[in-house]
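Student: Note that the protein sequences, when read in sequence, are chains A and B. Start counting the first sequence at 638; every next residue gets the next number (our numbering). Start counting the second sequence at 638; every next residue gets the next number (our numbering).
There are 2 protein chains.
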Amino acid sequence: MPFDLLLNNVSKYIHLDSAEKEIFLSFLQPKHIKRKQFILNDGEICKNSVFVTDGCLRGFTVDKNGIEHVLSFAPPGWWIADMYSLISQKPGILNIEALEDTESIILSKINQEKLYHEVPKFERFFRILTENSLVANQQRIVDNMSLTAEERYSIFCKRYPTLIDHLPQKQIASYVGVTPEFFSRMRSEMIRKRA
Amino acid sequence: MPFDLLLNNVSKYIHLDSAEKEIFLSFLQPKHIKRKQFILNDGEICKNSVFVTDGCLRGFTVDKNGIEHVLSFAPPGWWIADMYSLISQKPGILNIEALEDTESIILSKINQEKLYHEVPKFERFFRILTENSLVANQQRIVDNMSLTAEERYSIFCKRYPTLIDHLPQKQIASYVGVTPEFFSRMRSEMIRKRA
DNA sequence: CGCATTTCTTAATCTACATCATCTTTCCCG
DNA sequence: CGGGAAAGATGATGTAGATTAAGAAATGCG
């Protein structure tokens with residue numbers, strides 16, 4: 638069952654009996670996403686929370702010079718959405734794209750509201766997810782103002798250990814906030830230092 | 638009445654009849670804050686939302702090298718709090734300090750909850766404040782990754798027009814994310830260009 | 001399997017911003 | 001209102017990371 642990963646994720650924060658699990662599962666929809674396929678474009682209203690069970694998604698914005706900036710990755714076991722747009726139901730700034738063929742589970746905004754009515758303890762669960770995204774954003778602002786690229790890379794490594802040797806370097810570079818060229822040079826210097 | 642500014646602020650988002658206004662006001666507490674006085678320290682749990690009616694507060698973090706990074710200002714008409722800590726009631730990372738003698742209105746977390754029960758439409762109001770802080774943080778991450786110091790300064794100017802010639806330059810520099818020396822140089826060059 | 005496209009590496013040069021030092025100006029508290 | 005501290009200006013020098021260019025390696029798709 639690919640839903641096991643999701644149930645595990647939920648049970649980190651709230652306990653569900655089997656009736657509640659049933660209700661939860663009835664609101665979910667599995668979705669296969671092909672490599673390079675977009676499931677959200679900037680300017681759209683975000684209608685879904687997406688939980689990845691296999692593969693990997695990325696959330697990114699495009700600045701006025703056409704440069705992409707990766708704000709988050711979603712490997713298996715992670716949720717992804719444009720939190721602002723999802724909450725406010727106003728147009729967002731995030732694009733969400735599959736970096737490889739990906740299996741996911743969709744919880745629509747509408748079903749999320751229904752779920753709150755039928756199993757109120759899910760309010761707690763999604764409140765915690767929102768808090769986590771808040772704290773991550775706050776921390777990221779500070780990190781970008783005070784840390785070097787190398788330090789930011791090591792934060793990436795802690796946050797996404799499974800992605801380190803798994804993702805195109807240019808995606809990691811974009812998350813860390815440097816050019817692919819500099820990132821390549823930086824990595825080879827880090828290896829040299831360690832040797 | 639210094640509460641007028643606050644009632645105006647609230648009525649931008651929700652309409653209150655006079656009974657509801659009464660209830661709201663009964664939960665508030667005016668507070669005078671002296672220049673250089675802290676009303677929140679990092680590591681503490683944030684217990685209050687603070688609305689400024691006169692003067693100015695700043696929210697900032699201190700990095701591992703002891704350098705301060707200003708995340709937000711609160712001139713008259715603005716709310717300030719460590720949103721993450723306020724919502725989660727866990728220790729936060731923000732310090733909040735008065736940049737000059739300041740008049741403010743305090744709404745404690747506890748009273749905020751009571752207010753939700755007595756006047757539920759305040760849920761909408763504070764939800765919107767939370768959304769605004771979310772979108773501001775998201776935008777700030779992108780801005781810091783893609784804009785020059787000069788562009789970030791012009792965003793500061795739009796966001797806080799009343800503060801431009803009113804605040805120590807080093808505070809603005811810290812918000813923009815540059816050293817005071819570079820900020821001084823940058824400003825004199827911007828003036829030269831315009832002349 | 002093989003070719004095209006994407007990704008990675010390395011090098012030279014460039015630039016935005018930091019750091020350090022010194023001097024001047026402003027401001028605030030006794 | 002006067003003196004001391006904080007803030008600001010300006011110059012010289014240092015550096016993290018960008019840009020451009022060009023070749024090598026990897027990868028995905030027909």
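All C-beta atoms, glycine included, are put in the ideal place defined by N, C-alpha and C.
Since Leu643(B) sits in a beta bridge, which residues does DSSP pair it with?
Tutor: Leu643(B) is bridged by DSSP to nothing; it lacks a bridge partner.
Student: Could you have a look at Lys727(B) and say whether DSSP puts it in helix, strand or coil?
Tutor: coil
Student: For Cys683(B), count neighbouring Cβ atoms within 10 angstroms of its own Cβ and tell me buried if that reaches 16, exposed if not.
Tutor: buried
Student: Quick one: what's got a C-beta closer than 8 Å to Ile651(A)'s C-beta in the same chain, skipping five residues either side?
Tutor: Excluding positions up to five away in sequence, the list reads Lys758, Phe759, Arg761 and Phe762.
Student: Quick one: what does DSSP say Gln776(A) is sitting in, helix, strand or coil?
Tutor: helix
Student: How do the stretch 662-670 of chain B and the stretch 737-753 of chain B stand: do at least 3 beta-carbon pairs fall below 8 Å, yes or no?
Tutor: yes
Student: Could you give the DSSP three-state label for Arg764(B): helix, strand or coil?
Tutor: helix
Student: State the DSSP-derived secondary structure class of Thr799(A), mapped to helix, strand or coil.
Tutor: In the three-state scheme derived from DSSP, where H, G and I count as helix and E and B as strand, Thr799(A) is classed as helix.
Student: What does Leu708(A) reach in chain B if we use C-beta pairs closer than 8 Å?
Tutor: Gln775, Ile778 and Val779
Student: Is it the case that the Cβ atoms of Ile778(A) and Asn781(B) are separated by a distance below 8 Å?
Tutor: yes
Student: Going by DSSP, what residue range makes up the beta strand (DSSP E) through Leu708(B)?
Tutor: If you look at Leu708(B), you'll find it in the beta strand (DSSP E) that goes Glu705 to Ala711.
Student: Would you decide whether Gln775(B) is buried or exposed? Buried here means 16 or more other CB atoms lie within 10 Å of its CB.
Tutor: buried
Student: How is Lys746(A) classed by DSSP in three states: helix, strand or coil?
Tutor: helix
Student: Less than 8 Å between the CB atoms is what I'm expecting for Pro713(B) and Val689(B), so what's the real figure, rounded?
Tutor: 5 Å
Student: Measuring CA to CA, which of Asp654(B), Val813(B) and Ser722(B) is closest to Tyr797(B)?
Tutor: Val813(B)
Student: Who are the Cβ neighbours of Asn748(B) in its own chain at under 7 Å, not counting the five residues just before and after it?
Tutor: Phe664
Student: Going by DSSP, name the residue or residues bridged to Asn596(A).
Tutor: Residue 596(A) is absent from the model: chain A starts at 638 and stops at 832.
Student: Strictly under 8 Å for the Cβ-Cβ distance: is Ser725(B) near chain A by that measure?
Tutor: yes
Student: Rounding to the nearest angstrom, what Cα-Cα distance links Met720(B) and Arg829(A) in this structure?
Tutor: Taking the Cα positions, Met720(B) is about 42 Å away from Arg829(A).
Student: Within the continuous alpha helix (DSSP H) that includes Phe661(B), where are the two ends?
Tutor: For Phe661(B), the enclosing alpha helix (DSSP H) covers residues Ser655 to Ser663.
Student: Got a sec: is the Cβ-Cβ distance from Val687(B) to anything in chain A below 8 Å?
Tutor: no
Student: Less than 8 Å between the C-beta atoms of Glu705(B) and Ser811(B), yes or no?
Tutor: The Cβ atoms of Glu705(B) and Ser811(B) sit closer than 8 Å to each other.
Student: Taking the beta strand (DSSP E) that Lys668(B) belongs to, which residues open and close that run?
Tutor: Gln666 to Ile670
Student: Check the Cβ of Glu768(B) against every Cβ in chain A and list those closer than 7 Å, keeping chain order.
Tutor: Those are Tyr721, Ile724 and Ser725, listed as they occur along chain A.
Student: Ser709(B) and Ile717(B): beta carbons closer than 8 Å?
Tutor: yes
Student: To the nearest angstrom, report how far apart Ser745(A) and Phe661(A) are at their CA atoms.
Tutor: Cα-Cα distance, rounded: 12 Å.
Student: Am I right that Leu723(B) and Ala711(B) are in contact with their C-beta atoms under 8 Å? What's the rounded C-beta distance?
Tutor: Contact doesn't hold; Cβ gap of about 14 Å is too wide.
Student: Grouping DSSP H, G and I as helix and E and B as strand, with all else coil, what is Glu737(B)?
Tutor: coil
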